């Protein structure tokens, strides 16, 4: 945490991308796994997740105060979106949230019973940012033009990395933000 804060101050990046582990906030864990686990271990897992989330939120606030940008993402159903530190950011007039269904950005996972076939996986992901251009790039919802499969049966593991099209959409949004800022400065 200390190193992250120091790097943010030293390097002064235009963008901060936060995607802390969502395991502690997974509704699947709350419903299926936590009831079977040792209470102390569950409590430690949740506390560690809250600490990590609080640090990411504080760094996002710091970016905004410096006139810089951030992108934070977690699954749309993650309970982290109900945490006070995240809600405080969401309530800011400068912050936008959208949901991106990753099947629209090329996310696939192995089809049930197949070693070669892959099918789209929806994975609704909520994104929070202070860039309207990122917001617009990450607002694709599933158009239901394809068969989708749920992220169960080990498929979550296969959906842990963002698909290339989603990464490209993020980079495009960042480039549009930079172009807009450059034009704004040039017109002053």
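In the working numbering, the protein residues as written are 15 to 202. We treat Cβ as the ideally placed atom computed from N, Cα and C, and that holds for glycine. All values derive from a computational prediction rather than experimental measurement.
Name the DSSP beta bridge partners of residue i, please?
i: residue 132; result: 124
i: residue 199; result: In the DSSP output, where bridge partners are listed per residue, residue 199 has none listed.
i: residue 113; result: 140
i: residue 87; result: 141
i: residue 29; result: 83
i: residue 57; result: Its beta-bridge partners do not exist; DSSP assigns none.
i: residue 163; result: 135
With a cut-off of 8 Å on the beta carbons, I'd call residue i and residue j a contact; round off their distance for me.
i: residue 63; j: residue 35; result: 7 Å
i: residue 104; j: residue 142; result: 6 Å
i: residue 73; j: residue 22; result: 6 Å
i: residue 32; j: residue 70; result: 4 Å
i: residue 99; j: residue 67; result: 6 Å
i: residue 165; j: residue 137; result: 6 Å
i: residue 162; j: residue 135; result: 7 Å
Please report the distance separating the alpha-carbon of residue i from that of residue j.
i: residue 144; j: residue 186; result: 15 Å
i: residue 182; j: residue 175; result: 13 Å
i: residue 157; j: residue 113; result: 13 Å
i: residue 148; j: residue 191; result: 8 Å
i: residue 47; j: residue 27; result: 38 Å
i: residue 167; j: residue 201; result: 54 Å
i: residue 160; j: residue 199; result: 44 Å
i: residue 17; j: residue 179; result: 31 Å
i: residue 110; j: residue 54; result: 36 Å
i: residue 130; j: residue 154; result: 27 Å
i: residue 101; j: residue 58; result: 22 Å
i: residue 195; j: residue 177; result: 28 Å
i: residue 80; j: residue 128; result: 50 Å
i: residue 126; j: residue 169; result: 9 Å
i: residue 60; j: residue 49; result: 13 Å
i: residue 78; j: residue 139; result: 22 Å
i: residue 150; j: residue 29; result: 17 Å
i: residue 152; j: residue 43; result: 26 Å
i: residue 65; j: residue 107; result: 25 Å
i: residue 146; j: residue 193; result: 13 Å
For residue i, which residues in the same chain have their Cβ closer than 7 Å to its Cβ, ignoring the five residues on either side in sequence?
i: residue 172; result: 123 and 124
i: residue 76; result: 22
i: residue 25; result: none
Can you list, in chain order, the residues of its chain with a C-beta nearer than 6 Å to that of residue i? Leave out the 5 residues immediately preceding and following it.
i: residue 184; result: none
i: residue 20; result: none
i: residue 45; result: none
i: residue 15; result: 69
Query - the stretch 85-102 in contact with the stretch 118-126 per 3-pair CB rule at 8 Å - result: The stretch 85-102 is not in contact with the stretch 118-126.
Query raised in the report: Any chance the stretch 30-46 sits against the stretch 93-103, with 3 or more Cβ pairs inside 8 Å?
Result: Verdict: yes, contact present.
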